[in-house]
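In this note's numbering, the protein residues as written are 1 to 128.
For glycine and all other residues, C-beta sits at the position ideal for the given N, C-alpha and C.
Everything below concerns the one structure shown next.
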Ligand SMILES: [Cu+2]
């Protein structure tokens with residue numbers, strides 16, 4: 001009985017540590033992918049962008065490949081000067097070179113249904 005309690009205690013102690021390690025590793029590889037990749041594909045479908053957030057590096061040019069999976073959407077990021085249609089069957093290629101760090105929000109600029117105003121893309125711009 002004592003042994004069993006010990007084993008459970010050990011399991012509970014190691015579990016959060018394992019979860020933390022996995023979490024930070026995942027975050028790290030995501031950041032590395034964003035920094036080394038020059039093309040980021042962004043899909044739009046009613047009613048979300050996928051991925052819902054991306055990380056860009058200040059001063060580094062990245063191509064956003066904008067793809068609609070269903071109906072006519074658009075991506076509007078006022079702070080980055082982006083306003084691009086997203087039409088089904090076509091990929092819109094948009095070059096962006098962020099000048100400032102910070103978090104910026106993109107929205108769908110073409111009414112696509114009742115959840116249209118819930119479509120947001122969060123852009124993190126970080127220092128090189
Ligand atoms: Cu929309």
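Does the separation of the CB atoms of residue i and residue j fall below 8 Å?
{"i": "residue 69", "j": "residue 44", "result": "yes"}
{"i": "residue 106", "j": "residue 77", "result": "yes"}
{"i": "residue 82", "j": "residue 94", "result": "yes"}
{"i": "residue 101", "j": "residue 126", "result": "yes"}
{"i": "residue 51", "j": "residue 80", "result": "no"}
List the residues that DSSP assigns as beta-bridge partners of residue i.
{"i": "residue 86", "result": "73"}
{"i": "residue 48", "result": "45"}
{"i": "residue 133", "result": "The first residue shown for the chain is 1 and the last is 128, placing residue 133 beyond what the model contains."}
Within the present structure, is the beta-carbon of residue i separated from the nearest heavy atom of ligand 1 by less than 7 Å?
{"i": "residue 111", "result": "yes"}
{"i": "residue 116", "result": "yes"}
{"i": "residue 73", "result": "yes"}
Short of 7 Å in beta carbon distance, which residues of its chain neighbour residue i, apart from the five on each side in sequence? Order them along the chain.
{"i": "residue 115", "result": "46, 47"}
{"i": "residue 31", "result": "Any reading at residue 31 must be qualified, since the residue scores a pLDDT of 43, below 50, and its modelled position is unreliable; the value itself is stated next. Same-chain partners within the cutoff: 55."}
{"i": "residue 87", "result": "68, 72"}
{"i": "residue 38", "result": "62, 63"}
{"i": "residue 117", "result": "none"}
Less than 6 Å between C-beta atoms, sequence neighbours within five positions excluded: which residues of the same chain meet that for residue i?
{"i": "residue 41", "result": "65"}
{"i": "residue 91", "result": "65, 67"}
{"i": "residue 109", "result": "74, 76"}
{"i": "residue 112", "result": "46, 71, 73"}
Residues in the same chain with beta-carbon distance under 8 Å from residue i, minus the five sequence neighbours each way, listed in chain order, please.
{"i": "residue 129", "result": "As displayed, the chain neither begins before 1 nor continues past 128, which places residue 129 out of reach and without an answer."}
{"i": "residue 53", "result": "121, 122, 123, 124"}
{"i": "residue 49", "result": "42, 43, 75, 106, 108, 119, 120, 121"}
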